[in-house]
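Worksheet: the structure to be examined is printed underneath.
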Amino acid sequence: MAAIKVHGNPLSTASMRVLATVYEKEIDHEFVFVDMRAGEHKKEHFLSFNPFGQVPALEDGDLKLFESRAINKYIACEYAVKGTQLIYQDSKKMAITSVWMEVEAQQYDPAASKLGWELAIKPLLGMSTDTAVVEENEAKLAKVLDVYESRLAQSKYLGGDCFTLADLHHLPTLHYLFGTQVKKHFDSRPHVSAWVADITARPAWLKVLALLSQQ
Amino acid sequence: MSSEGDRFKVNMTYSRGVHGALFSTCTARVWIYLCEKGLDYELLPIDMVAGAHKQQPFRSLNPFGEIPAFEEGEVSLFESRAINRYLARKHKDIGTDLLLSNSLTQSALVEIWMEVEAHKFDSPSSVILRQIIVIPKYGKAPDKQVIETEMEKLGKVLDVYEERLSKSKYLAGENYSLADLHHIPHLVYFMKTSEANAITSRPHVQLRHCFHQANRCADVLASMSIDQDAECISFNCPPVDIRSILEDAVGLYVNRVCFVSVVPG
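Below, the structure written as structure tokens:
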């Protein structure tokens, strides 16, 4: 019987965020597919996992969790001894990692998500891209990446010397953005570009992409 | 004549401090945590009107040029929620443990509802407060369509909160945590707007979130800040308006040294 169950959909960036962590930690798990086209995530059974009706959700015994970043923090703590260390035990190092986890969530993700939606997802759904939204958010993302470039010139990874959740949390949106015109903003910044090449080559992330390619 | 850099160096000799301004909800988020714990930290004002937050030396504390930033010894942090997480972990044995760190299950629930606040509550409430409170200060009229759209989003989020709080005393469970505290800055301003009935019409949300001690102090401070022209006011001791809230069993509102008798045997 698998230790944990991840309820989600490989196409969802938030689901991919949790799957990346599960693979990094090498945890025995069951992936329970949530059929979003059939509206399964808005029905009562799934709402008992996440009252906001969004994937992913996690079951670990009796514990039910949602919000991908909260799930990942739980996994990183509960399974600290397994697989890759994704958080620091030292409180001061963890404080810095925590800062950059907030940066991903508050500064990077809003612009990156909007761009992914407009440039990668909408075309797949036959919807037209809002060029004004794209222009506004490309400018915002460029400013964020300027800060990343300075940070990564001093530090191999965002949180410090080691790969942590602060880096991992970027992977799903990076995947979608790299198939669009936004890629140039990453390529033109050498430290950012090297960091992206490093984190997207990780075996655990390649397993997530393999799962995605089966859909 | 000392330069801006020298002034900042002098400030850095303070052992611990929050750089920011209390009218800012993000600075308030950290300050309310410190009030909750009864801890003595300096508030180091940032001259937002002069754009100090966008320049050095502040930018060396937060490369995004936003308040607050936090310093304590060699630790230098930004992002209010990260600052609070660090402090709550550090101070878990002082007063209430706001991360519920004795149980991984409970602390996971705190993390969930902190994420909910950050990703679902913060955005619509920020937009609404900006329209109703900030934009009129620049002589412009609020955009009613924007307010209506964001209120609809916020309403759906608050419906989930109402359901949650009908089963659970606080968001993460039976104990007050950072997940609840992080909502206070926006809630305090929100309750002063014409949209406050979104809270008052939901009995469990109103009961749990609007009648906690720190809310009362934050409420008074927010009221004072709305009526001020100055960007930042720093108090050396609690202003008259909140002393009665802070008074303890012997009628004092300031910290003092108490001698604890040791019973032999």
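Heads up: the sequence lines are chains H and D, in that order. Once you know that position 17 of the first sequence is 17 in UniProt numbering, the rest is easy, because the numbers rise by one and skip nothing. Once you know that position 264 of the second sequence is 264 in UniProt numbering, the rest is easy, because the numbers rise by one and skip nothing. Quick reminder that beta carbons are idealized off the backbone N, C-alpha and C, glycines included. Computed from a predicted model, the values in this text were never measured in an experiment.
- Counting along the chain, the unbroken beta strand (DSSP E) around F33 (chain H) starts and ends at H29 to F33.
- Three or more pairs of CB atoms, one per stretch, sit closer than 8 Å, so the segment 82-92 of chain H contacts the segment 22-32 of chain H.
- The criterion of a C-beta distance shorter than 8 Å is satisfied by E111 (chain D) and A70 (chain H).
- N137 (chain H) counts as buried, since no fewer than 16 other beta carbons sit within 10 angstroms of its beta carbon.
- Only buried fits I67 (chain D), as 16 or more other CB atoms lie within 10 angstroms of its CB.
- Within chain H, the residues whose beta carbon sits less than 8 Å from that of L104 (chain D) are Y74, C77 and E78, listed in sequence order.
- The continuous beta strand (DSSP E) containing I4 (chain H) extends over residues I4 to G8.
- Proximity of P203 (chain H) to chain D, defined by a Cβ-Cβ separation below 8 Å, is not satisfied.
- Close CB contacts of F31 (chain H) within its chain, under the 6 Å cut and outside five residues either way in sequence, are with V6 (chain order).
- Within the UniProt domain "GST N-terminal" (14-95) of chain D, those residues whose Cβ lies closer than 7 Å to any Cβ of chain H are, in chain order, P63, F64, V75, L77, F78, E79, R81, A82, R85, Y86, R89 and K90.
- Taking 8 Å as the cut-off, the Cβ atoms of E36 (chain D) and R16 (chain D) do not count as close.
- The bridge partners DSSP lists for R59 (chain D) come to none.
- Counting only runs of 4 or more residues that sit fully inside the segment 77-111 of chain H, the alpha helix (DSSP H) segments are 91-103, in chain order.
- By alpha-carbon distance to D167 (chain H), the top candidate from H:I75, H:G53, H:V103 and H:E78 is H:V103.
- Residue pairing by DSSP puts K64 (chain H) in a beta bridge opposite H:E59.
- Between the segment 36-56 of chain H and the segment 199-212 of chain H, the count of C-beta pairs closer than 8 Å stays below three; the two stretches do not touch.
- The beta carbon of T25 (chain D) is closer than 6 Å to those of P185 and H186 in its chain, skipping five residues each way along the sequence.
- Per DSSP, reduced to three states, the secondary structure at R202 (chain H) is coil, with no helix or strand assignment.
- For the options H:M127, H:E118, H:D109 and H:G159, the alpha carbon positioned closest to that of M94 (chain H) is the one of H:G159.
- In summary, Q145 (chain D) is exposed, with fewer than 16 beta-carbon neighbours lying within 10 Å of its beta-carbon over all protein chains present.
- In the DSSP annotation of this structure, the continuous segment of the beta strand (DSSP E) that includes F70 (chain D) starts and ends at A69 to E72.
- Against chain H, the CB of V205 (chain D) has no partner CB under 8 Å away; the residue lies outside that interface.
- Taking a cut-off of 8 Å on C-beta distances, the segment 147-165 of chain D touches the segment 191-201 of chain D, as three or more cross pairs fall below it.
- Within the segment 100-131 of chain D, contact with chain H at the beta-carbon level (separation under 9 Å) is assigned to L104, T105, S107, A108, L109, V110, E111, I112, W113, M114, E115, V116, A118, H119, K120, D122 and S123.
- Counted as a single uninterrupted DSSP element, the beta strand (DSSP E) harbouring E42 (chain D) occupies residues E42 to P45.
- In this structure, DSSP gives F23 (chain D) a state outside helix and strand, which the three-state scheme calls coil.
- The segment 131-146 of chain D and the segment 45-57 of chain D do not touch, with fewer than 3 CB-CB distances between them shorter than 8 Å.
- Sequence-distant partners of L141 (chain H) (beyond 5 residues in either direction) whose C-beta falls short of 8 Å from its own C-beta, in its chain, are Y108, A111, A112, L115, V182 and H185.
- Taking a C-beta cut-off of 7 Å against chain D, the contacting residues of the UniProt domain "GST N-terminal" (2-83) of chain H are P51, F52, L63, L65, F66, E67, R69, A70, K73, Y74, C77 and E78, listed in chain order.
- Per DSSP, S123 (chain D) is one residue of the alpha helix (DSSP H) stretching across D122 to L129.
- The Cβ atoms of S12 (chain H) and V55 (chain H) lie closer than 8 Å to each other.
- Taking the C-beta atoms as reference points, L171 (chain D) is found nearer than 8 Å to W113 (chain D).
- Comparing alpha-carbon positions, the option among D:A52, D:V75 and D:T105 lying closest to E59 (chain H) turns out to be D:T105.
- Between K92 (chain D) and S80 (chain D) a beta carbon distance of about 19 Å is seen, past the 8 Å cut, so the two are scored as non-contacting.
- DSSP places S15 (chain H) in the uninterrupted alpha helix (DSSP H) bounded by T13 to E24.
- In this structure, the CA atom of S168 (chain D) is about 43 Å from the CA atom of L152 (chain H).
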